[in-house]
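Visitor: Residue numbers (our numbering): 50 to 634.
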Amino acid sequence: MSYLAIARKYRPATFQEVVGQEHVTRTLKNAIESNRIHHAYLFCGTRGVGKTTIARALAKGLNCVEGPTAEPCGVCPSCQGVTLGNNPDLIEIDGASNNSVDDIRSLRETVGYAPNMGRYKVYLIDEVHMLSKAAFNALLKTLEAPPPHVIFLFATTEPDKIIDTILSRVQRFDFKRIPAEAVAKRLAEIAKNEGASVSEASLRAIARCGEGSMRDAQSLLDKVISFGGPGEITDAQVSETLGLIDRSLLHRMVEGLCTGNAAMCLDVIEQVYGYGYELTQFTTELLEILRHATFLRMAPEVHRHVDLSEDEVALLGELLRDVSPDVLTRQFTALLEVHEQIARSQRPRIVLDMAVARLTDIRPAAPVGQLIARLEALEGRLRKQGGGGGASGGGPSHSRRSSAPARRSPTTRRASGTSTKKPPAPAPAPPKAAPVPAPPRPPTDATEASLQESKNRPPEAQPTGIDALRLAFASLDGELASLREATLTQRPNDLLIELPGGRALAMAQQQLDNERLQAVIEAHMDAKQPVVLQAIRGTGTREETQQTDANDLLRDPAVRRIVTGLRAKILEVQDLADTPESNEP
Ligand SMILES: Nc1ncnc2c1ncn2[C@@H]1O[C@H](COP(=O)(O)OP(=O)(O)OP(=O)(O)O)[C@@H](O)[C@H]1O
Ligand SMILES: [Mg+2]
Ligand SMILES: [Zn+2]
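#1: At the level of alpha carbons, what is the spacing between Gly438 and Arg430?
#2: Alpha carbon to alpha carbon, how far is Thr536 from Pro454? Give it in angstroms, no decimals.
#3: Which two residues bound the contiguous alpha helix (DSSP H) that contains Val98?
#4: Out of Ala584, Ile585, Pro579, which has the shortest C-alpha to C-alpha gap to Lys618?
#5: How about Val317 and Arg301: are their beta carbons less than 8 Å apart?
#6: With distances taken from each beta carbon to the nearest heavy atom of ligand 2, which residues come in below 7 Å, in chain order?
#7: Just how far apart, CA to CA, sit Ile294 and Tyr326?
#8: Cβ atoms of Phe224 and Val98: under 8 Å apart, would you say?
#9: Determine, using beta carbons only, whether Thr95 comes closer than 8 Å to chain C.
#10: Starting from the Cα of Leu269, find the closest Cα among Leu615, Glu281, Gly305, Leu252 and give me that residue.
#11: Say yes only if the C-beta of Gln70 is nearer than 7 Å to one or more non-hydrogen atoms of ligand 1, and no if none qualify.
#12: Bridge partners of Arg221, per DSSP?
#13: Would you tell me roughly how many angstroms separate the C-alpha atoms of Met574 and Asp516, rounded to the nearest one?
#14: With respect to the alpha helix (DSSP H) encompassing Ser288, which residues constitute its N-terminal and C-terminal limits?
#15: Within the present structure, is the beta-carbon of Glu120 separated from the nearest heavy atom of ligand 3 by less than 7 Å?
#16: Hey, out of Leu384, Ile338, Ser394, Lys234, whose CA is closest to Ser49's CA?
#17: Between which two residues does the beta strand (DSSP E) carrying Val199 extend?
#18: When DSSP labels each residue in this structure, what does Thr118 get in the three-state scheme?
#19: For a test of your reading of the model: does the CB of Tyr52 fall under 7 Å from any non-hydrogen atom of ligand 1? Yes or no.
#20: Quick check: does the Cβ of Cys125 come within less than 7 Å of any heavy atom belonging to ligand 3?
#21: Starting from Ile338 and walking both ways along the alpha helix (DSSP H), at which residues does that stretch end?
#22: Around the C-beta of Thr205, are 16 or more other C-beta atoms found within 10 angstroms, so that it is buried, or is it exposed?
#23: Could you tell me the alpha carbon to alpha carbon distance between Pro549 and Leu529, rounded to whole angstroms?
#24: Could you round the C-beta distance between Tyr172 and Phe201 to whole angstroms and report it? I think they count as a contact, below 8 Å.
#25: Would you kindly report the start and end of the unbroken beta strand (DSSP E) that includes Pro579?
#26: Could you pull out every residue in the same chain whose Cβ sits closer than 7 Å to the Cβ of Thr63, ignoring the five residues on either side in sequence?
#27: Please classify Tyr324 as buried or exposed, where buried requires at least 16 neighbouring CB atoms within 10 angstroms.
#28: At which residues does the beta strand (DSSP E) containing Tyr172 begin and terminate?
#29: So is the beta-carbon of Val114 under 7 Å away from any non-hydrogen atom of ligand 3?
#30: Using CA coordinates, which residue listed in Asp410, Asp265, Ser127 is at the minimum distance from Arg57?
#31: Given a threshold of 16 other Cβ atoms within 10 Å of its Cβ, counted over all protein chains shown, does Val581 qualify as buried or as exposed?
#32: Count the other CB atoms, across all protein chains shown, that sit within 10 Å of the CB of Pro484; report buried if there are 16 or more and exposed otherwise.
#33: With DSSP as the reference, please indicate the residues paired to Gln539 in a beta bridge.
#34: Could you give the first and the last residue of the continuous beta strand (DSSP E) run that contains Glu141?
#35: In angstroms with no decimal places, state the Cα-to-Cα distance between Asp360 and Gly366.
#36: Check whether the Cβ atoms of Leu299 and Leu336 sit closer than 8 Å, and answer yes or no.
Shown next, in the form of structure tokens:
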């Protein structure tokens with residue numbers, strides 16, 4: 050028997066054998082079985098996905114002596130005729146070469162004749178989009194109301210080129226690209242039947258090269274078997290036939306990238322170069338494998354989008370056990386850039402070599418989410434401490450505005466409420482050891498304080514009585530006299546007390562915990578709130594600087610995200626170099 054190409058030899062004879070187009074075959078099967086066959090079908094889809102195959106199977110089923118049936122016998126004269134291409138009731142027309150209006154006119158003349166042997170005259174017009182406009186128009190009338198024994202089957206790879214008047218007269222099916230896994234499975238059957246032994250990984254590689262086209266994949270398999278077969282065909286032979294990079298080189302490259310082993314990567318590049326592979330081909334395949342690797346490191350439901358053999362999945366799983374998807378995505382992005390540079394470069398090898406330095410240097414970033422989680426844990430601990438030490442021991446309450454322990458920071462102190470333990474005597478405040486401004490603290494302290502405050506802050510702190518408070522301030526005396534000059538401002542989240550920098554400010558600073566002062570404030574404000582004491586602009590030094598520093602810092606989007614995420618505020622900015630005890634993150 051003469052040699053028949055695999056793609057033709059293994060053309061499915063029935064709907065059941067067709068791979069990956071169930072949405073089409075099921076509908077057609079139902080139509081046949083329920084005797085609801087449309088007079089015109091349009092099959093759209095990319096090359097080699099089964100359009101002609103299904104059209105022929107349909108023609109077979111319609112005219113089989115045992116039909117109409119979705120499962121034609123395959124042996125009756127009608128079925129045999131379709132298989133051999135000499136059934137007079139299946140008229141196959143190549144739209145590309147018979148596209149004139151005259152061609153369609155002569156077709157129209159034959160439409161009226163009854164079928165020769167079967168029930169239907171089936172007209173299969175391939176590449177129907179190639180028909181001229183006049184030809185389309187000549188077809189319209191027949192298509193509108195063909196004789197009951199006529200069925201039109203149109204196939205096209207470019208449905209966009211078909212005019213609407215035709216589209217509205219046909220039942221359309223869109224064929225899908227066939228998933229690589231399904232293609233590989235079919236290739237395995239064929240290879241076995243042809244007495245060739247090809248690994249699963251190689252079959253997958255062939256399927257991937259087919260890009261969803263069964264015909265293309267089968268043609269490649271044909272080529273592989275001609276080159277390496279019959280019998281055992283190695284992965285290297287398959288790679289060579291397909292012009293693919295040897296998988297083991299790709300795996301070693303991934304390993305080198307993920308372990309930061311630049312030497313390993315450079316060795317691989319040297320080999321790739323030595324074999325004479327195109328470097329862009331190498332980066333393309335590397336990008337693909339990084340894509341799969343990333344998905345493998347993600348949730349299990351993502352794994353079905355990984356198109357690799359089981360062996361490769363296991364291998365990569367092992368290689369990447371300690372690599373985060375974040376590292377892989379960043380490597381992917383960097384590599385994509387490299388790939389484009391290589392494509393343009395006169396010296397692609399150098400570009401790729403240099404890229405290794407960059408790629409192997411990619412390390413996991415401390416995610417903001419983790420940082421926030423750490424801060425939240427800290428906050429939780431602080432809250433516990435605060436709750437145990439306070440007089441009321443509970444959360445913030447509106448009827449009883451005390452409980453938060455007093456906290457200090459260079460510019461902010463909470464006006465702590467009256468304590469049940471301490472008699473509310475207007476006694477002078479105990480001498481404060483801390484000078485003004487208070488000694489710097491590591492940034493975490495400031496953050497802790499602000500965290501606490503942001504939580505204790507009443508959700509809706511719109512005060513009343515600020516004017517009354519201003520009056521009360523104006524008549525302060527004794528140790529509080531320094532506050533008489535204060536300018537009071539109710540801000541959304543706190544009460545701002547401003548004084549000229551210097552002595553007045555220093556004295557006021559010492560009075561912030563004064564019970565009498567707190568009583569005055571609480572008497573006029575309907576919710577407890579932090580009190581911020583600061584120098585009037587231009588009169589202070591450190592406070593001013595701090596404010597400016599904080600504003601500068603807030604211009605950084607990352608900082609802004611953390612601060613707003615925590616509903617915190619920056620109380621103090623310190624240069625880490627000044628604080629030896631603060632440890633690097
Ligand atoms: N869905 C499929 N299932 C199994 N084999 C298929 C399928 N699609 C295509 N093939 C194989 O590919 C060959 C070509 O398929 P077919 O002629 O049906 O493609 P087509 O969609 O008509 O492509 P084209 O647009 O290039 O004409 C078939 O002989 C068959 O071996
Ligand atoms: Mg076809
Ligand atoms: Zn038959």
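From the three backbone atoms N, C-alpha and C, an ideal C-beta is built for every residue, glycine too.
Bear in mind the structure is a predicted one, so any value in this text is a computation, not a measurement.
Guide: With the structure as the only source:
#1: Position 389 of the sequence shown, counted from the first residue, corresponds to residue 438. Position 381 of the sequence shown, counted from the first residue, corresponds to residue 430. Here the model assigns Gly438 a pLDDT of 42, short of 50, so the residue's position is not dependable, and the following value carries that caveat. If you take the alpha carbons of Gly438 and Arg430, they lie about 13 Å apart.
#2: Along the sequence shown, one-based indexing puts residue 454 at 405. Along the sequence shown, one-based indexing puts residue 536 at 487. For Pro454, the predicted model reports a pLDDT of 38, less than 50, meaning its position is unreliable; a value from the coordinates is still stated below. When rounded, the distance between both Cα atoms is 26 Å.
#3: In the sequence shown, the residue the question calls residue 98 occupies position 49. Unbroken run through Val98: none, as it is neither H nor E.
#4: Start at 1 with the first residue of the sequence shown, and residue 618 comes out as number 569. Of the listed residues, the one whose Cα sits closest to Lys618 is Pro579.
#5: As a position in the sequence shown, residue 317 is number 268, starting the count at 1. As a position in the sequence shown, residue 301 is number 252, starting the count at 1. A contact, by the Cβ cut-off of 8 Å.
#6: Working through the chain, the matches are Lys100, Thr101, Asp175, Ala204.
#7: Against the sequence shown, residue 294 aligns to sequence position 245. Against the sequence shown, residue 326 aligns to sequence position 277. The straight-line gap from Cα to Cα measures roughly 7 Å.
#8: The residue you call residue 98 lines up with position 49 of the sequence shown. The residue you call residue 224 lines up with position 175 of the sequence shown. A contact, by the Cβ cut-off of 8 Å.
#9: Note that chain C does not occur in the displayed structure, where there is just one protein chain.
#10: As a first step, residue 269 is located in the sequence shown; it is residue number 220 there, counting from the start. Checked all of Leu615, Glu281, Gly305, Leu252; the closest Cα to Leu269 is Leu252.
#11: Against the sequence shown, residue 70 aligns to sequence position 21. Yes.
#12: What you label residue 221 is simply residue 172 of the sequence shown in a count that begins at 1. Partner residues in the beta bridge of Arg221, as assigned by DSSP, are Leu91.
#13: Taking the first residue of the sequence shown as position 1, residue 574 is located at position 525. Taking the first residue of the sequence shown as position 1, residue 516 is located at position 467. Cα to Cα, the separation comes out at about 10 Å.
#14: Looking up residue 288 in the sequence shown gives position 239. It spans 284-291 - the alpha helix (DSSP H) in which Ser288 sits, taken as one unbroken run.
#15: For the purposes of this step, residue 120 is taken as the residue at position 71 of the sequence shown. Not so, every heavy atom of ligand 3 lies at least 7 Å from the Cβ.
#16: The chain is shown from 50 up to 634; residue 49 falls before or after that span and cannot be answered.
#17: For the purposes of this step, residue 199 is taken as residue 150 along the sequence shown, with counting starting at 1. Where Val199 is concerned, the enclosing beta strand (DSSP E) stretches over 199-205.
#18: Working through the sequence shown from its first residue, we reach residue 118 at position 69. Thr118: coil per DSSP, three-state reduction.
#19: Residue numbering aside, residue 52 sits at position 3 when the sequence shown is read from its first letter. Checking the Cβ of Tyr52 against ligand 1 gives no.
#20: The residue labelled residue 125 in the question sits at position 76 within the sequence shown. Cys125 Cβ: within cutoff of ligand 3.
#21: For this step, residue 338 is matched to residue 289 along the sequence shown. Where Ile338 is concerned, the enclosing alpha helix (DSSP H) stretches over 328-345.
#22: Here residue 205 refers to the residue found at position 156 of the sequence shown. Buried, since its Cβ has 16 or more Cβ neighbours within 10 Å.
#23: Position 500 of the sequence shown holds residue 549. Position 480 of the sequence shown holds residue 529. For Pro549 and Leu529, the distance between alpha carbons rounds to 15 Å.
#24: Within the sequence shown, numbered from 1, the residue matching residue 172 stands at position 123. Within the sequence shown, numbered from 1, the residue matching residue 201 stands at position 152. About 5 Å separates the two Cβ atoms, so the contact holds.
#25: Here residue 579 corresponds to residue number 530 of the sequence shown, with the count starting at 1. Where Pro579 is concerned, the enclosing beta strand (DSSP E) stretches over 579-584.
#26: Within the sequence shown, the letter at position 14 stands for residue 63. Cβ-Cβ distances below 7 Å link Thr63 to Ala106, Glu120, Pro121 in the same chain, with the five nearest sequence neighbours on each side left out; the list follows chain order.
#27: Numbered from its first residue, the sequence shown carries residue 324 at position 275. Exposed.
#28: The sequence position of residue 172 within the sequence shown is 123, counting from 1. Per DSSP, Tyr172 belongs to the beta strand (DSSP E) from 170-175.
#29: As a first step, residue 114 must be located in the sequence shown, where it is residue number 65. It does: the Cβ of Val114 is within 7 Å (strictly closer) of some heavy atom of ligand 3.
#30: Taking the sequence shown and counting its residues from 1, one reaches residue 57 at position 8. When only C-alpha atoms are compared, the closest one is Asp265.
#31: Residue mapping note: residue 581 aligns to position 532 of the sequence shown, counting from 1. Val581 comes out buried.
#32: Taking the sequence shown and counting its residues from 1, one reaches residue 484 at position 435. Because Pro484 carries a pLDDT of 37, less than 50, the predicted location of this residue cannot be relied on, and no value is offered for it.
#33: Sequence index remark: in the sequence shown, residue 539 carries index 490 (1-based). Answer by DSSP bridge pairing, in chain order: Leu544.
#34: Position 92 of the sequence shown, counted from the start, is the residue given in the question as residue 141. Unbroken beta strand (DSSP E) run through Glu141: 139-143.
#35: In the sequence shown, residue 360 corresponds to position 311, counting from 1. In the sequence shown, residue 366 corresponds to position 317, counting from 1. In a straight line, the C-alpha of Asp360 is about 10 Å away from that of Gly366.
#36: Walking along the sequence shown from the start, residue 299 turns up at place 250. Walking along the sequence shown from the start, residue 336 turns up at place 287. In this structure, Leu336 does not lie closer than 8 Å to Leu299 by Cβ.
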